[in-house]
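Trainee: Chains as they are written, first to last, in this note's numbering: chain Z, 30 to 287; chain H, 30 to 287. The following block contains the structure, expressed as structure tokens.
Number of protein chains: 2
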Amino acid sequence: MKQITVIKIGGNVIDNEEVLNAFLARFAAIEGDKILVHGGGKLASRLQKELGQEVQMIDGRRVTDRATLDVVTMVYAGLVNKQIIAKLQALGCNAIGLSGADGNIVRAHRRPAKPIDYGFVGDIDGVDTMMLRSLLEAGLTPVFSAIMHDGAGTLLNCNADSVTQAVALGAAQLAPTDLVFCFEKHGVLSDAENDDSVIARITPDSYLQLKADGIVSGGMIPKIENALRAVEQGVRTVRIKHADDLLEESAGTTICNA
Amino acid sequence: MKQITVIKIGGNVIDNEEVLNAFLARFAAIEGDKILVHGGGKLASRLQKELGQEVQMIDGRRVTDRATLDVVTMVYAGLVNKQIIAKLQALGCNAIGLSGADGNIVRAHRRPAKPIDYGFVGDIDGVDTMMLRSLLEAGLTPVFSAIMHDGAGTLLNCNADSVTQAVALGAAQLAPTDLVFCFEKHGVLSDAENDDSVIARITPDSYLQLKADGIVSGGMIPKIENALRAVEQGVRTVRIKHADDLLEESAGTTICNA
Chain Z
30 MKQITVIKIG GNVIDNEEVL NAFLARFAAI EGDKILVHGG GKLASRLQKE LGQEVQMIDG
90 RRVTDRATLD VVTMVYAGLV NKQIIAKLQA LGCNAIGLSG ADGNIVRAHR RPAKPIDYGF
150 VGDIDGVDTM MLRSLLEAGL TPVFSAIMHD GAGTLLNCNA DSVTQAVALG AAQLAPTDLV
210 FCFEKHGVLS DAENDDSVIA RITPDSYLQL KADGIVSGGM IPKIENALRA VEQGVRTVRI
270 KHADDLLEES AGTTICNA
Chain H
30 MKQITVIKIG GNVIDNEEVL NAFLARFAAI EGDKILVHGG GKLASRLQKE LGQEVQMIDG
90 RRVTDRATLD VVTMVYAGLV NKQIIAKLQA LGCNAIGLSG ADGNIVRAHR RPAKPIDYGF
150 VGDIDGVDTM MLRSLLEAGL TPVFSAIMHD GAGTLLNCNA DSVTQAVALG AAQLAPTDLV
210 FCFEKHGVLS DAENDDSVIA RITPDSYLQL KADGIVSGGM IPKIENALRA VEQGVRTVRI
270 KHADDLLEES AGTTICNA
């Protein structure tokens with residue numbers, strides 16, 4: 030393996046079939062080893078409503094009781110994952126769909142019920158890098174949903190950004206790894222009102238200044254801090270960019286060590 | 030690989046969690062390489078009804094329009110498959126869940142719309158034995174749902190018995206392979222009213238006699254003829270037995286060449 034690209038897509042790509050198809054064509058064209066991690070988009074909430082279940086979110090996280098766990102397992106690990114796999118195969122990309130339980134490749138534990146009981150929601154413990162290597166060496170492109178397991182027989186609904194981060198850290202032990210978060214904007218903006226104000230590069234030092242100046246705020250803070258943690262722990266670069274710009278090397282915001 | 034055991038389970042095992050757990054404990058205890066193929070049980074029909082979809086079956090096969098395809102993909106490749114994988118992992122069996130699209134491991138084509146239009150229903154073309162070998166050599170236990178793909182981006186609902194047969198024929202190219210169909214009875218009965226009348230062994234010759242004498246009839250005829258075809262094409266034995274007897278070598282009906 031010369032290098033590995035790990036890419037995360039969320040609802041803004043998954044929820045629109047045309048956008049998804051265009052993204053997958055670009056993804057299939059990426060050279061070298063690559064890994065995709067996907068969220069579930071709006072489909073899980075829609076199915077919950079059709080089944081008469083109450084959709085309960087706290088701080089943007091889905092409270093996952095047993096019935097909700099069944100829905101997200103069906104939608105994320107089943108429908109969304111297998112549709113992506115079939116589309117990638119048609120593009121000549123030999124993809125394989127994975128939950129964390131498959132090959133025991135990602136282990137998680139159930140989040141403690143205090144202070145907030147999210148139900149069957151998990152936090153990631155780690156990735157089996159040897160299993161990841163076996164799959165990549167077999168010529169496969171792993172495609173992860175965010176359904177993980179606790180090793181004791183219980184599936185867990187995890188945050189797809191956290192899964193992506195963990196997979197990228199595992200990949201970084203095998204080869205130089207670049208992580209790409211596909212975003213609804215063209216990168217981190219210095220002016221939220223101006224889509225052209227993409228900040229090209231953020232380093233640990235420049236981030237402190239951007240934060241002090243109030244240029245990055247709100248939901249971008251945890252995103253960038255997680256990205257900085259990833260590069261600190263061995264990921265070569267983290268890019269936050271628009272899915273349309275996937276193949277444009279210089280597009281978006283690059284977060285790196287220096 | 031010294032030998033491979035391929036096992037099929039259907040609704041009578043999947044639909045009852047206690048029965049499923051007991052089966053999986055036995056499955057995990059089988060020595061050597063092994064592969065599981067599962068149907069979907071009643072869950073798909075139940076979900077269809079909850080979603081207000083009409084369940085339409087012709088000759089025991091589900092007519093699969095787009096909405097039905099989404100349901101069976103969610104239930105078979107998502108919920109049932111991932112629950113089985115998580116349970117097997119808890120039993121120390123390093124299982125990996127697969128649709129035919131994953132790793133392009135089983136290819137199928139959509140069944141012609143005439144004489145009966147089943148919709149997104151497929152017939153199997155073949156198994157990628159090299160991919161199967163890669164997974165087995167990585168220490169993995171493949172667990173297949175019956176959701177396949179056409180290689181052009183479309184998922185297809187296939188018959189789980191046919192998937193099992195195709196996977197066993199692929200496995201037989203790698204190592205001596207035994208195929209086990211878990212059945213609601215303890216084997217093929219010579220007297221349908223007597224559960225103790227299991228026929229221990231069926232060969233091509235004895236089958237002709239059993240059929241001529243009217244001892245096997247109805248739904249058993251295609252089952253046995255498919256099994257005879259499998260042994261003719263290289264599978265070492267086909268056993269039809271009860272899931273409870275999985276680890277009992279001599280239980281059930283053994284179908285073999287001589």
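For glycine and all other residues, C-beta sits at the position ideal for the given N, C-alpha and C.
1. Taking R74/Z as the reference, which of V48/Z, Q32/Z, Q85/Z has the closest Cα?
2. Beta-carbon separation of V156/H and A195/H under 8 Å?
3. Can you tell me whether P141/H is buried or exposed, with buried defined as 16 or more other CB within 10 angstroms of its CB?
4. Please classify G199/H as buried or exposed, where buried requires at least 16 other C-beta atoms within 10 Å of its C-beta.
5. Do G151/H and D131/H have their beta-carbon atoms positioned less than 8 Å apart in this structure?
6. Enumerated in chain order, which unbroken segments of the alpha helix (DSSP H) with a length of 4 residues or greater are wholly contained in the segment 86 to 119 of chain H?
7. Could you tell me which chain Z residues have their CB closer than 9 Å to the CB of T97/H, listed as they occur along the chain?
8. Of all the residues that make up the segment 123 to 140 of chain H, which are near chain Z by a beta-carbon distance shorter than 7 Å?
9. Do you know how far the Cα of I43/H is from the Cα of P171/Z?
10. Would you please state the rounded distance, in angstroms, between the beta carbons of H271/H and C211/H? I believe it to be under 8 Å.
11. Which residues in chain Z have a C-beta closer than 8 Å to the C-beta of H67/H? List them in chain order.
12. Based on the DSSP secondary-structure assignment, which residues constitute the bridge partners of D207/H?
13. To the nearest angstrom, how far is it from the Cα of Q112/H to the Cα of G69/H?
14. Three Cβ pairs or more, each shorter than 8 Å: is that satisfied between the segment 57 to 64 of chain H and the segment 225 to 243 of chain H?
15. For the putative contact between T206/H and V135/H, defined by C-beta atoms under 8 Å, what is the C-beta separation to the nearest angstrom?
16. Would you call the segment 35 to 51 of chain H in contact with the segment 246 to 253 of chain Z, where contact means no fewer than 3 C-beta pairs closer than 8 Å?
17. Would a C-beta distance cut-off of 8 Å place G11/H and I145/H closer than the cut-off?
18. Using the Cβ count rule (16 or more neighbours within 10 Å means buried), how would you classify D88/Z?
19. Since T93/Z meets chain H, which of its residues come closer than 8 Å, beta carbon to beta carbon?
20. Given a cut-off of 8 Å, decide if I176/Z and Y105/Z are closer than it, judged by their beta-carbon atoms.
21. Within the continuous beta strand (DSSP E) that includes R136/H, where are the two ends?
Mentor: Let me spell this out:
1. It is worth fixing the name first, because residue 74/Z is Ser in this sequence and not Arg. Residue Q85/Z is the option with its Cα nearest to S74/Z.
2. Contact check for V156/H against A195/H passes: the beta carbons are separated by less than 8 Å.
3. With a 10 Å radius around the Cβ and a threshold of 16 neighbouring Cβ atoms, P141/H comes out exposed.
4. So G199/H ends up on the buried side.
5. Their beta carbons are not under 8 Å apart, which means D131/H does not touch G151/H by this criterion.
6. Positions of the alpha helix (DSSP H) runs, each at least 4 residues long and wholly inside the segment 86 to 119 of chain H, are given as 95 to 101, 110 to 119 in order along the chain.
7. Residues of chain Z passing the Cβ test: none, with the nearest at roughly 12 Å.
8. Flagged, chain order: N123, I125, G126, S128, A130, D131, G132, N133.
9. Going by the C-alpha atoms only, they are around 28 Å apart.
10. That pair is a contact at about 7 Å.
11. Those within 8 Å of H67/H in chain Z number zero; the least Cβ separation is about 14 Å.
12. Paired residue(s): T34/H, T266/H.
13. Taking the straight line from one Cα to the other gives about 12 Å.
14. Touching, no, given that fewer than three Cβ pairs across the two stretches are closer than 8 Å.
15. Rounded, the Cβ-Cβ distance is 16 Å, inconsistent with contact.
16. As far as the Cβ criterion goes, the segment 35 to 51 of chain H does not touch the segment 246 to 253 of chain Z, which means the pair count is below three.
17. The structure shown has nothing for residue 11/H, since chain H only spans 30 to 287.
18. Per the 10 Å Cβ criterion, exposed.
19. Correct list: empty, because the minimum Cβ distance to chain H is about 14 Å.
20. Pairing Y105/Z with I176/Z gives a Cβ-Cβ distance under 8 Å.
21. Here the beta strand (DSSP E) through R136/H covers 135 to 139.
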